[in-house]
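Under UniProt numbering, the first residue of the sequence shown carries the number 1, and numbering increases by one thereafter. Using N, Cα and C, we set each Cβ at its ideal position, and we do this for glycine too.
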Amino acid sequence: MARTVRDANLEKREARRRLEARGKPYYRVMEEGVHLGYRRLKSGAGNWVVRSYVGDQKYEVETIGPADDLSDADGVKILSFSQAQARAREVMVDRAHKAAGKSGPLTVKAAVNAYIEFLEAKRKSAKFSRYAADAFVLPDLGEIEVKDLTKDQIETWHHGLAKAGARIRVKKGEEQRFKEVDDPEEHQRRRRSTANRILTVLKAALNRAWREEKVPSDAAWRAVEPFKGVDAARVRYLELAEVTRLLNASDLDLRRLARGAVETGARYGELTRLKVVDFSHNSGTVAIRKSKSSKARHIHLTEDGIAFFRSITAGRAGTEFLFLKENGEPWKKDHQKDPMREACERAKIDPPMGFHGLRHTWASHAVMNGVPLIVVAKNLGHSDTRMVEKHYGHLAPSYVADAIRAGAPRFGAVLSGM
Numbered sequence: 001m002a003r004t005v006r007d008a009n010l011e012k013r014e015a016r017r018r019l020e021a022r023g024k025p026y027y028r029v030m031e032e033g034v035h036l037g038y039r040r041l042k043s044g045a046g047n048w049v050v051r052s053y054v055g056d057q058k059y060e061v062e063t064i065g066p067a068d069d070l071s072d073a074d075g076v077k078i079l080s081f082s083q084a085q086a087r088a089r090e091v092m093v094d095r096a097h098k099a100a101g102k103s104g105p106l107t108v109k110a111a112v113n114a115y116i117e118f119l120e121a122k123r124k125s126a127k128f129s130r131y132a133a134d135a136f137v138l139p140d141l142g143e144i145e146v147k148d149l150t151k152d153q154i155e156t157w158h159h160g161l162a163k164a165g166a167r168i169r170v171k172k173g174e175e176q177r178f179k180e181v182d183d184p185e186e187h188q189r190r191r192r193s194t195a196n197r198i199l200t201v202l203k204a205a206l207n208r209a210w211r212e213e214k215v216p217s218d219a220a221w222r223a224v225e226p227f228k229g230v231d232a233a234r235v236r237y238l239e240l241a242e243v244t245r246l247l248n249a250s251d252l253d254l255r256r257l258a259r260g261a262v263e264t265g266a267r268y269g270e271l272t273r274l275k276v277v278d279f280s281h282n283s284g285t286v287a288i289r290k291s292k293s294s295k296a297r298h299i300h301l302t303e304d305g306i307a308f309f310r311s312i313t314a315g316r317a318g319t320e321f322l323f324l325k326e327n328g329e330p331w332k333k334d335h336q337k338d339p340m341r342e343a344c345e346r347a348k349i350d351p352p353m354g355f356h357g358l359r360h361t362w363a364s365h366a367v368m369n370g371v372p373l374i375v376v377a378k379n380l381g382h383s384d385t386r387m388v389e390k391h392y393g394h395l396a397p398s399y400v401a402d403a404i405r406a407g408a409p410r411f412g413a414v415l416s417g418m
């Protein structure tokens, strides 16, 4: 293989950020017939790919790992430009061995990577599968031959995922830290649900290898069962009297922010990025220009909500942040946690509720008051009603009845003569 190559557009993350997001990778020649590519995504870290010429105007393309766009490279899960070249060389050596009939036994790593390449080739979403593989599957199981896997191995690994804490992203070299547990029961449900999703990725990869007759049996992973009853989140919301107590017990800056949350159902990050200009007096809406899904939306307000936003925007410059702390500084990540906990303690809300619970509170009361689920979904920023039905559908007084009347079969005409 050729020596390490240089490229001004791909070598530094700052330069890669200036590239246009697109499906076709940006390629750099490593040697004749071999190219290292960078696929720029609309959101999140981009991916490194290797492309090699196989003849007859055809290329073989393989994703080799995420780029160090957002986090420092570690050479294993996240790759720098030079590390991606080294990984590409390993891939090319493996291909050469396979072409010469020297392919070795199928490892979990090979099966998982082949499955993710299959997803990408079919233009299916592989983002979570790649993350789950790199972070949880390959470090523990990657080097094991698939034919040697046992039910006990997979089950122990699966249960270990559920017991592990929710990790906080840290910089390279820093000690791994974990999120605080406010609600042990809900924490356990979430960890088990996440463990199930990761297990699903592993099973899908191994099942594909089994269907292609690359392994003799699927008995080991077929016998491993997911945790039961962990997918439906237990949504907690405040009663109206509790909302009043919480607002009255909050310091002025948190009170404004929390009032904004219960009037809109917006996320903490969405609220703290709002500018004064994002509130429209004429339409009675708040514009969310950057959201978790990267899609902009307009939140429609009630008359009380319109009056509140008018009161906090009057006479202010449009470029100001809508919500500021008492010292005039904008709210940043996690700044709300301590004030929210203290306000809950003063308001005698036990256990204390996190700020995200105010979003659940808005949605729950909207549904209970008869707002159509699709309207609630649009205000929350969901493209359809699936998440709203899952978390709040049981609260709608007419939801089940309306669904039955709209979609159940009718036999009146058939039975009228009986």
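Top-ranked residue by Cα proximity to residue i, from the options
{"i": "residue 312", "options": "374, 407 and 324", "result": "324"}
{"i": "residue 223", "options": "207, 213 and 108", "result": "207"}
{"i": "residue 331", "options": "374, 359 and 275", "result": "275"}
{"i": "residue 351", "options": "237, 388 and 295", "result": "237"}
{"i": "residue 85", "options": "368, 240 and 28", "result": "28"}
{"i": "residue 69", "options": "19, 310, 382 and 385", "result": "19"}
{"i": "residue 92", "options": "59, 287, 373 and 187", "result": "59"}
{"i": "residue 365", "options": "348, 382, 388 and 384", "result": "388"}
{"i": "residue 48", "options": "66, 54, 42 and 361", "result": "66"}
{"i": "residue 40", "options": "23, 33, 51 and 30", "result": "23"}
{"i": "residue 13", "options": "80, 210, 119 and 239", "result": "80"}
{"i": "residue 239", "options": "71, 106, 17 and 361", "result": "361"}
{"i": "residue 10", "options": "46, 42 and 31", "result": "46"}
{"i": "residue 250", "options": "286, 348, 308 and 292", "result": "348"}
{"i": "residue 52", "options": "21, 74 and 95", "result": "95"}
{"i": "residue 162", "options": "188, 184 and 140", "result": "188"}
{"i": "residue 33", "options": "357, 88 and 71", "result": "88"}
{"i": "residue 111", "options": "122, 131, 90 and 138", "result": "138"}
{"i": "residue 184", "options": "202, 200 and 165", "result": "165"}
{"i": "residue 186", "options": "381, 370, 301 and 353", "result": "353"}
{"i": "residue 30", "options": "246, 15, 7 and 368", "result": "7"}
{"i": "residue 271", "options": "384, 57 and 333", "result": "333"}
{"i": "residue 368", "options": "393, 61 and 122", "result": "393"}
{"i": "residue 267", "options": "379, 218 and 317", "result": "379"}
Anticipated Cβ contact below 8 Å, residue i with residue j, distance rounded
{"i": "residue 235", "j": "residue 35", "result": "That belief does not hold up - the Cβ atoms of residue 235 and residue 35 are roughly 49 Å apart, past 8 Å."}
{"i": "residue 109", "j": "residue 145", "result": "About 10 Å; that fails the 8 Å criterion."}
{"i": "residue 306", "j": "residue 297", "result": "The Cβ separation is near 17 Å, so there is no contact."}
{"i": "residue 424", "j": "residue 363", "result": "Past the boundaries of the shown model lies residue 424; the chain is included only from 1 to 418, so the question cannot be answered."}
{"i": "residue 336", "j": "residue 321", "result": "At roughly 14 Å, the Cβ-Cβ gap does not stay under 8 Å, so residue 336 and residue 321 are not in contact."}
{"i": "residue 134", "j": "residue 77", "result": "4 Å"}
{"i": "residue 120", "j": "residue 200", "result": "Rounded, the Cβ-Cβ distance is 18 Å, inconsistent with contact."}
{"i": "residue 301", "j": "residue 315", "result": "Actually they do not touch by this definition, with Cβ atoms about 20 Å apart."}
{"i": "residue 73", "j": "residue 83", "result": "6 Å"}
{"i": "residue 420", "j": "residue 204", "result": "Outside the modelled stretch of the chain, which goes from 1 to 418, sits residue 420, for which no answer is possible."}
{"i": "residue 381", "j": "residue 295", "result": "7 Å"}
N-terminal and C-terminal residue of the beta strand (DSSP E) that residue i is part of
{"i": "residue 62", "result": "58–66"}
{"i": "residue 196", "result": "Careful: residue 196 lies outside any beta strand (DSSP E), inside the alpha helix (DSSP H) at 184–211."}
{"i": "residue 48", "result": "47–55"}
{"i": "residue 37", "result": "34–39"}
{"i": "residue 28", "result": "26–31"}
Proximity test, Cβ basis, 8 Å: residue i and chain B
{"i": "residue 88", "result": "In the displayed structure, chain B is absent; only one protein chain is listed."}
Enclosing alpha helix (DSSP H) for residue i [first to last residue]
{"i": "residue 367", "result": "356–368"}
{"i": "residue 139", "result": "138–141"}
{"i": "residue 268", "result": "268–272"}
{"i": "residue 379", "result": "373–380"}
{"i": "residue 244", "result": "240–249"}
{"i": "residue 132", "result": "127–132"}
{"i": "residue 153", "result": "151–163"}
{"i": "residue 265", "result": "Per DSSP, residue 265 belongs to no alpha helix (DSSP H) and is neither H nor E."}
{"i": "residue 392", "result": "386–392"}
{"i": "residue 17", "result": "13–17"}
{"i": "residue 222", "result": "219–222"}
Beta-bridge pairing of residue i - partner residues as DSSP gives them
{"i": "residue 299", "result": "286"}
{"i": "residue 79", "result": "67"}
{"i": "residue 330", "result": "324"}
{"i": "residue 4", "result": "Its beta-bridge partners do not exist; DSSP assigns none."}
{"i": "residue 319", "result": "Note: residue 319 sits in no beta bridge, so no partner."}
{"i": "residue 145", "result": "107"}
{"i": "residue 348", "result": "DSSP output for residue 348 lists no bridge partner at all."}
{"i": "residue 279", "result": "286"}
Distance cut-off 7 Å: residue i Cβ against heavy atoms of the ligand ADP
{"i": "residue 37", "result": "Ligands in the displayed structure: none, and consequently the ligand ADP is not present."}
Q. Any chance the segment 253–263 sits against the segment 343–362, with 3 or more Cβ pairs inside 8 Å?
A. yes
Q) Does the pairing of the segment 212–228 with the segment 144–164 give three or more beta-carbon distances under 8 Å? A) yes
Q.
I want to know whether the segment 156–163 touches the segment 126–133 - three or more CB-CB distances under 8 Å.
A. no
Q) Do the segment 193–205 and the segment 260–267 make contact, defined as three or more Cβ pairs closer than 8 Å? A) no
Q. Should the segment 360–378 be called in touch with the segment 280–291, which here means at least 3 C-beta pairs below 8 Å?
A. no
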